[in-house]
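Take the sequence shown: its position 74, counted from the start at 1, is 171 in my numbering, and no numbers get skipped.
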Amino acid sequence: MEIWRINPSKIRKSDIEKMAVSLKKGKILVVPTDTVYGLVAKMGEREIEEKIFKIKKRKKKKPFLLFVPHLAAAKKIAVISEEQERFLKKVWPGKVTVVFKKEKKKEQLD
98 MEIWRINPSK
108 IRKSDIEKMA
118 VSLKKGKILV
128 VPTDTVYGLV
138 AKMGEREIEE
148 KIFKIKKRKK
158 KKPFLLFVPH
168 LAAAKKIAVI
178 SEEQERFLKK
188 VWPGKVTVVF
198 KKEKKKEQLD
């Protein structure tokens with residue numbers, strides 16, 4: 098396990114690059130959000146998802162949060178109604194969590 102000390106108010110490009118490389122290698126990161134510390138990993142890697150369920154001691158039927166960079170990415174993995182899309186266009190980017198129904202065919206986000 099590695100521990101990096103990163104000042105959230107002074108994130109450097111090199112910090113972002115280091116995290117991106119780690120995610121691409123299949124690492125799981127712990128990062129602060131507005132309300133909790135979250136586990137962050139590359140979506141779609143079954144082995145990594147299994148590790149997260151194990152770390153969190155979470156039942157497999159209970160879904161977990163996915164961070165997406167924009168609405169187009171969310172639409173690839175979730176069913177989003179026109180009403181929800183209008184709402185998201187008003188609040189994103191912003192400090193909001195939204196629960197959607199998962200799309201049956203999950204795409205890989207890069």
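By construction, the Cβ of each residue, glycine as well, lies at the ideal position given by its N, Cα and C atoms.
Given the structure is predicted, the values throughout are model-derived calculations rather than measurements.
K198 sits close to V176, with the two beta carbons spaced by under 9 Å. Per DSSP, L136 is one residue of the beta strand (DSSP E) stretching across Y134 to V137. Just so you know, the alpha carbons of M140 and K124 end up roughly 11 Å apart.
Membership of L185 in the alpha helix (DSSP H) is indicated by the continuous run E179 to V188.
Counting along the chain, V128 sits inside the beta strand (DSSP E) bounded by residues L126 to P129.
A Cβ-Cβ separation of about 14 Å leaves L163 out of contact with L185 under the 8 Å criterion.
The continuous stretches of alpha helix (DSSP H) do not include L163, and DSSP gives it neither H nor E. Your pair P129 and P105 checks out as a contact, with CB atoms roughly 6 Å apart and the cut at 8 Å. Taken through DSSP and simplified to helix, strand or coil, V118 comes out as helix. Only exposed fits I113, as fewer than 16 other CB atoms lie within 10 angstroms of its CB.
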